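Encoded as structure tokens, the structure appears first; notes follow it.
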């Protein structure tokens, strides 16, 4: 099987390793497959009559591979053209090619948590009460907050997924004002602060739970991101929590997700469904070879096509 990972490289030619690129590559080769990296800047679109063709800049057909992983949004090159993962994924599927996490590729490129919450809410997934104010102006945010059920202390987080960046615990109105005035370009979500007893990341692949990790962090560092200093340990999920993780993954519609579940002093909530979860922590703390399981999933899907 020929696996193609389409991911953008930086100016130095190195790829963004957020999706554990090297781990996926090693698992592909270990399982006897060919692995290729393709930079979206090297993709060429052309039309002949009413038919679209997508090739690489060296003339190779993009359809030469068996399975595809797309880690791109909208990329602008120096000629101001755009490469859109929606167009690429639609083209591949129209030629009966398997696209990993296809449901994610056909959505808007925005990573808005509001849209994600809307989808989860339709599936009756328990969510923390959330207030979203488009403007980061303090006075308008203050007025909305006064009319809501959210009280101090509260959690202030960016409406975009940023690995724990622009995530704050706010104790009072003065702190809220300082943050908003210094982060005027950021749109925030406001949520009540609950004491988290267990901060779980559950990996779900093809509707099956691969494992669950409890992210351990100090009271001072409330961020549960492994990238922000949290540690991980195995957590044995109850049938109820497994069902919740699977339902949240199904609500999202992607093949592979990380479901963040908080067990708090005020109940159980799904915090987020991450469509591009890093899995270094699962390999390190849970000894789960996630990359190989993804490759096995691709094998099964390609054989079904």
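Residue numbers (our numbering): 13 to 317. Quick reminder that beta carbons are idealized off the backbone N, C-alpha and C, glycines included. Just so we're clear, the structure is a prediction, and the values are computed from it rather than from any experiment.
Host alpha helix (DSSP H) of residue i (start-end)
| i | result |
| --- | --- |
| residue 293 | 292-297 |
| residue 40 | 33-42 |
| residue 106 | 97-106 |
| residue 70 | No alpha helix (DSSP H) holds residue 70; DSSP gives it neither H nor E. |
| residue 304 | 302-316 |
| residue 132 | 125-134 |
Cβ-based burial, residue i [other Cβ within 10 Å; buried from 16]
| i | result |
| --- | --- |
| residue 312 | exposed |
| residue 133 | exposed |
| residue 165 | exposed |
| residue 285 | buried |
| residue 108 | exposed |
| residue 113 | buried |
| residue 65 | exposed |
| residue 33 | buried |
| residue 63 | exposed |
| residue 93 | Caution applies to residue 93, whose pLDDT of 48 falls short of 50 and renders its modelled position unreliable; the model cannot decide the point. |
| residue 79 | buried |
| residue 135 | exposed |
| residue 220 | exposed |
| residue 316 | exposed |
| residue 251 | exposed |
| residue 226 | buried |
| residue 97 | buried |
| residue 190 | exposed |
| residue 121 | Only weak support is given to the placement of residue 121: the predicted model assigns it a pLDDT of 49, under 50, and the question is left unresolved by the model. |
| residue 283 | buried |
| residue 91 | Bear in mind that the predicted position of residue 91 carries a pLDDT of just 45, short of 50, making it unreliable; the figure below should be weighed with that in mind. Exposed. |
| residue 76 | exposed |
| residue 89 | Interpretation of residue 89 is limited by its pLDDT of 49, a score under 50 that renders its predicted location unreliable; the figure taken from the coordinates is listed afterwards. So residue 89 ends up on the exposed side. |
| residue 209 | exposed |
Those residues which DSSP pairs with residue i across a bridge
| i | result |
| --- | --- |
| residue 168 | 180 and 202 |
| residue 77 | Answer is none; residue 77 lacks a bridge partner. |
| residue 210 | 275 |
| residue 253 | DSSP, once it has assigned bridges, lists no residue as partnering residue 253. |
| residue 144 | 201 |
| residue 266 | In the DSSP output, where bridge partners are listed per residue, residue 266 has none listed. |
| residue 110 | 79 |
| residue 217 | 220 and 268 |
| residue 84 | The partner list for residue 84 (beta bridge, DSSP) is empty, contrary to what the question assumes. |
| residue 64 | 59 |
| residue 280 | 275 |
Whether residue i touches residue j by CB criterion (9 Å)
| i | j | result |
| --- | --- | --- |
| residue 156 | residue 143 | yes |
| residue 140 | residue 274 | yes |
| residue 110 | residue 302 | no |
| residue 263 | residue 83 | no |
| residue 192 | residue 181 | no |
| residue 15 | residue 100 | no |
| residue 328 | residue 249 | Outside the displayed span of the chain (13 to 317) sits residue 328, for which this structure offers no information. |
| residue 150 | residue 216 | no |
| residue 207 | residue 277 | yes |
| residue 37 | residue 49 | yes |
| residue 294 | residue 300 | yes |
| residue 41 | residue 56 | no |
| residue 51 | residue 72 | no |
| residue 280 | residue 45 | no |
| residue 103 | residue 126 | no |
| residue 204 | residue 158 | no |
Any non-hydrogen atom of the ligand NAD within 8 Å of residue i CB
| i | result |
| --- | --- |
| residue 265 | Within the structure as shown, the ligand NAD is missing, as the structure has no ligands at all. |
Boundaries of the beta strand (DSSP E) in which residue i is found, first to last residue
| i | result |
| --- | --- |
| residue 191 | No beta strand (DSSP E) holds residue 191; the alpha helix (DSSP H) holding it covers 185-194. |
| residue 153 | No beta strand (DSSP E) contains residue 153, which is instead part of the alpha helix (DSSP H) from 150-159. |
| residue 14 | 14-19 |
| residue 50 | 46-50 |
| residue 226 | 220-228 |
| residue 60 | 55-60 |
| residue 243 | 243-246 |
Anticipated Cβ contact below 8 Å, residue i with residue j, distance rounded
| i | j | result |
| --- | --- | --- |
| residue 222 | residue 305 | 6 Å |
| residue 178 | residue 201 | The pair is not a contact, with the Cβ atoms about 10 Å apart (cut-off 8 Å). |
| residue 288 | residue 115 | With 8 Å as the limit, residue 288 and residue 115 do not qualify as a contact, their Cβ atoms being about 13 Å apart. |
| residue 228 | residue 243 | 5 Å |
| residue 245 | residue 297 | 6 Å |
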